[in-house]
Amino acid sequence: MRVLIKGAGVAGLTLAHELTARGAAVEVAEIARYVGGGASWFAGGMLAPWCESESAPDTVLALGREAADWWHTVLPGHVICKGTLVVAPQRDTGELARFAARTSGCDWLDADDIAALEPDLAGRFRKALHFRHEAHLDPRRAITALYGRLQASGVRFHLGAGPDFPEAGFDHVVDCTGANAIGQAAELRGVRGEMLMLETPDVSLSRPVRLLHPRIPLYVVPRGDGRFMIGATMIESDDAGPVSARSLMELLNAAYTLHPTFGEARVIETGAGVRPAYPDNLPRLSVDGSAIRLNGFYRHGFLLAPSMAKDAATCIVGMQADNGQQSLVRPSLLAPSERNIIPLQIGAGR
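Going by the working numbering, the residue at position 271 of the sequence shown is 271; the numbering climbs one at a time, nothing skipped.
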């Protein structure tokens, strides 16, 4: 079975791995001249399904719990399993209680617990939540490592491929082009996310820290070597242009609230990516004959891509075995507006 995957972001690469593991001959065509372009390159890399459930449907928690194990198995040494710390300024400690009520799997910490967990935050917060089962990774390192592994497994990559890349000769074509499919996939929209990369040798964090800020909730993800990825913004826009001055000021102000030393940090990078999203902010696997679309990961690319890639690979193998007459998809993630989608029930083991 020969499969062409369009798009070399996290969705396309995880699917390529799952299909290769099932014996398919896979080729990947990417319009950019490097893998991981678009939203994947600017992702936070937080494998935090319990934290995300504060504002996301239960489906995100159900599917996202598999992510850390998948990434650890496929790329040993890339996943850091130290949990997530959620804090709030003293005047906003009520937000912690609200956050805890909308999530699960967390422990309450007092000032001494916080100091023991993150010494550089000692004395800055009285209360915090620790989601000890969560993890994180560096998306760029993970994407690069997965690319290398796929090449070693025989996956052929066509970087810099145009939109008219020939599809003849493939049994199935899977569109994983993310935001590039906006305007082509029904209901798909863009949600702009902005990030900063700060560098300072004077702050050390071992795990992602989320700050429940009154104006702009912030997350800080340590990247090692004194570097920190700062992110938060979710703007309803498909503009992938430079970070706005307003966002830059708000992100820096929130980082300063977390620790004043960030006010002296070097800004070594700013960037923005457009996250593809459907109205329910859940990814969809859509099937129309031999054409398949996997898209709509919103802000949950690295978290949900492994589980969705497994389902998509199972779907494709099932279609091949049954001459394209049926597909196996997760019913809760079907695209209701798409035609020719035939759902079957998922086994109890999932």
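Even glycine gets a Cβ: it sits at the ideal position worked out from N, Cα and C.
Which of helix, strand or coil does DSSP assign to residue i?
| i | result |
| --- | --- |
| Phe170 | coil |
| His432 | As shown, the chain starts at 1 and ends at 350. That puts residue 432 outside it, with no answer to give. |
| Asp113 | helix |
| Gly301 | helix |
| Gly12 | helix |
| Thr59 | helix |
| Glu54 | coil |
| Met1 | coil |
| Leu188 | coil |
| Leu205 | coil |
| Ala24 | coil |
| Val329 | Caution applies to Val329, whose pLDDT of 44 falls short of 50 and renders its modelled position unreliable; the model cannot decide the point. |
| His72 | helix |
| Leu137 | coil |
Buried or exposed for residue i, going by 16 or more other Cβ atoms inside 10 Å?
| i | result |
| --- | --- |
| Ser204 | exposed |
| Ser327 | Low local confidence applies: a pLDDT of 41 at Ser327 is under 50, so the model's placement there is unreliable, and no value is given. |
| Pro217 | buried |
| Thr233 | buried |
| Tyr219 | buried |
| Gly273 | buried |
| Arg156 | exposed |
| Gly94 | exposed |
| Glu167 | exposed |
| Pro119 | exposed |
| Ser53 | buried |
| Ser153 | exposed |
| Pro208 | buried |
| Leu13 | buried |
| Ser104 | exposed |
| Arg299 | buried |
| Arg192 | buried |
| Tyr147 | buried |
| Glu134 | buried |
| Ser237 | exposed |
| Glu264 | exposed |
| Gln325 | For Gln325, the predicted structure reports a pLDDT of 47, less than 50, and the residue's modelled location is therefore unreliable. A value from the coordinates is still provided. Exposed is the call here. |
| Asp239 | exposed |
| Gly289 | exposed |
| Asp175 | buried |
| Thr73 | exposed |
| Ala245 | exposed |
Report back the beta-carbon spacing between residue i and residue j to the nearest angstrom; my notes put them in contact at under 8 Å.
| i | j | result |
| --- | --- | --- |
| Phe297 | Pro276 | 7 Å |
| Arg132 | Asp107 | 6 Å |
| Met197 | Ile80 | Not confirmed; about 17 Å, so no contact. |
| Arg227 | Glu194 | At roughly 17 Å, the Cβ-Cβ gap does not stay under 8 Å, so Arg227 and Glu194 are not in contact. |
| Ala305 | Phe165 | Actually they are not in contact, since the Cβ atoms of Ala305 and Phe165 sit about 22 Å apart, beyond 8 Å. |
| Trp50 | Leu61 | 7 Å |
| Gly365 | Gly44 | With the chain running from 1 to 350 in the structure shown, residue 365 is simply not present. |
| Val35 | Ala68 | Between Ala68 and Val35 the Cβ distance is about 22 Å, and since that is not below 8 Å, they are no contact. |
| Leu211 | Ala88 | 7 Å |
| Gly169 | Ala39 | About 30 Å separates the two Cβ atoms, so there is no contact after all. |
Looking at the strands, I want to know which residues DSSP matches up with residue i.
| i | result |
| --- | --- |
| Trp108 | Leu129 |
| Gly193 | Gly273 |
| Asp175 | Lys6, Arg293 |
| His158 | Ala29 |
| Ala97 | Answer is none; Ala97 lacks a bridge partner. |
| Val87 | Ala128, Leu211 |
| Glu199 | Arg227, Arg266 |
| Ile182 | Ala185 |
| Ile80 | His136 |
| Leu47 | Ala135 |
Would residue i pass as an interface residue toward chain C - the criterion being a Cβ-Cβ separation below 7 Å?
| i | result |
| --- | --- |
| Arg215 | This model lacks chain C altogether, as it is built from one protein chain only. |
message = In chain order, what are the residue ranges of uninterrupted beta strand (DSSP E) at least 3 long that sit wholly in the stretch 209 to 288?
response = 209 to 211, 218 to 224, 227 to 231, 266 to 277, 284 to 288
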